[in-house]
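Enquirer:
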Ligand code: ADP
Ligand code: FRU
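Residue numbers (the numbering used here): 419 to 709.
#1: Where do the ends of the alpha helix (DSSP H) carrying residue 615 lie?
#2: Do the CB positions of residue 648 and residue 617 come within less than 9 angstroms of each other?
#3: Spatial neighbours of residue 659 within its chain, please: CB distance less than 8 angstroms, with the 5 preceding and 5 following residues excluded, ordered by chain position.
#4: Do you know whose CA, among 706, 675, 606, 681, lies nearest residue 642's CA?
#5: Between residue 567 and residue 546, which are expected to be in contact by the criterion C-beta below 8 angstroms, what is the C-beta distance as a whole number of angstroms?
#6: Mark residue 499 as exposed unless 16 or more other C-beta atoms lie within 10 angstroms of its C-beta, in which case mark it buried.
#7: How do the stretch 465-481 and the stretch 432-449 stand: do at least 3 beta-carbon pairs fall below 8 angstroms, yes or no?
#8: So which of 426, 487, 674, 462 has the shortest CA-CA distance to residue 663?
#9: My output table needs one value for residue 699: the three-state DSSP class, helix, strand or coil.
#10: With contact counted as at least three CB pairs below 8 angstroms, one residue from each stretch, are the stretch 625-641 and the stretch 424-438 in contact?
#11: Considering only heavy atoms of ligand 2, does any lie closer than 8 angstroms to the CB of residue 663?
#12: Between the beta-carbon of residue 595 and the beta-carbon of residue 630, is there less than 9 angstroms?
#13: Looking at the structure shown, is residue 494 part of a helix, part of a strand, or coil, going by DSSP?
#14: According to DSSP, simplified to helix, strand and coil, what is residue 705?
#15: Using alpha carbons as the reference points, say which of 465, 604, 683 lies closest to residue 494.
#16: If distances are taken between C-alpha atoms only, which option among 556, 693, 675 comes closest to residue 588?
#17: Per the DSSP calculation, residue 513 is bridged to which residue(s)?
#18: Give a yes or no on whether the C-beta atoms belonging to residue 653 and residue 684 are separated by under 9 angstroms.
#19: Taking DSSP's pairing of strands, which residues face residue 583 in a bridge?
#20: According to DSSP, which residues form a beta bridge with residue 422?
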C-alpha cells in the first residue's frame, strides 16, 4: 500500500437523471436524483482508495451541513482530511449535473464561492510521509509554488498534475510534474483536433513528463518523456453506460496506481481505460458494485 496526497477540491454534486438532455426554455421531469460528494481530486482519491492505496486530501472545507456530509463520505473511503484548511463560514461548492440516461453524458453547472487551498496551508503538511503527490491545475500561482516546493524539498516523490480547463498562465506549471493528465476539453481549446497531435505539441513544454490525454469513448493516448510517438489504449465500454461523471478522475487514479506499481506506460493506459470503463457502468465514483 502506498500513501498518496491529493490537492484539490471537494464539491456537493446534485445529479439529476433525465431521459434526454432538455432543450432551452422547456420543462422536463427528472427521473431520479442523487446528492453526493464530487470534485476532481477527491474523486481520484476515492478510486485510489478502492484500488487499495492510502489517501489524504488537502483542500478547503467549511463546517456547514454540506461540508460535514462530504467529510462523512470521505471517511467511508478511509480518506484522511487532516491536511485541509477548515473554514467556519461559507458554503461548499455545488455542481448541478444533468445526467442523460440515453447516452450517459454529463453536463455540469458549477457554482463556487470559496477560497482555494493555498501554499501557506500546503507548507504545513509533512510531505515526507507520501509516495505520490497529485494536484489539480487550478489556482495557478499557488499551485506553482506548491509544485516548486515539493520538487525542491522532496525530489524523490513523483508529482502528477491534472489539466482540465484552460486558465491564465497554466502553462507555467507544465515543466514541473512527472506526469501530466490533459483532458480532451483542454486539447480542443488549444486548437488540436486529435490527442496525438496535441501530445506532440505539448512535448516541448514538458520534456520531463509522461503526458496523457483521455478522449472519452475513444480511450486515451500517452507519451513517454523523450518520445514523439504516442501509445493508444482503447476504451472499455461497459455493457450499459450508466454514469460518465468522474470518468476522467477515475482514469487519473488508475494511471497513478499503475505507475506506482511500476507498470509500463502502455500497461498503465490500458488499466486506466479498463478501470474508467468499469466506473462508467456504475453509478458514482466506484469501480465495484455495492454489496
Ligand atoms: P472526463 O470525465 O474528464 O470527461 P473522459 O470523457 O475523457 O473524461 O473519459 C476518461 C476515460 O474514461 C476515457 O479515456 C475512457 O477510458 C473512459 N470513458 C469515458 N467515457 C466513456 C464511454 N462513453 N465509454 C467507455 N469508456 C469511457
Ligand atoms: C467530475 C467532477 C464533479 C464535480 C466537477 C467539478 O469530474 O469532479 O464531481 O462536480 O467535476 O469541476
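Backbone N, C-alpha and C define an ideal beta-carbon position, used for all residues, glycine too.
Note that this is a predicted model, so its numbers are computed, not measured.
Expert: Taking the structure as given:
#1: 613-620
#2: yes
#3: 521, 522, 698, 699.
#4: 681
#5: Rounded, the Cβ-Cβ distance is 13 angstroms, inconsistent with contact.
#6: Buried, since its Cβ has 16 or more Cβ neighbours within 10 Å.
#7: Because the criterion of three Cβ pairs below 8 angstroms is not met, the stretch 465-481 and the stretch 432-449 do not touch.
#8: 462
#9: Residue 699 falls in the coil class under three-state DSSP.
#10: With the cut-off at 8 angstroms, the stretch 625-641 and the stretch 424-438 do not touch.
#11: Short note on residue 663: C-beta closer than 8 angstroms to some heavy atom of ligand 2.
#12: no
#13: Looking at residue 494 - three-state DSSP - the assignment turns out to be helix.
#14: coil
#15: 465
#16: 556
#17: In DSSP, residue 513 forms a bridge with 431, 528.
#18: For residue 653 and residue 684, no; Cβs fall outside 9 angstroms.
#19: Answer is none; residue 583 lacks a bridge partner.
#20: Residue 422 pairs with 473, 550.
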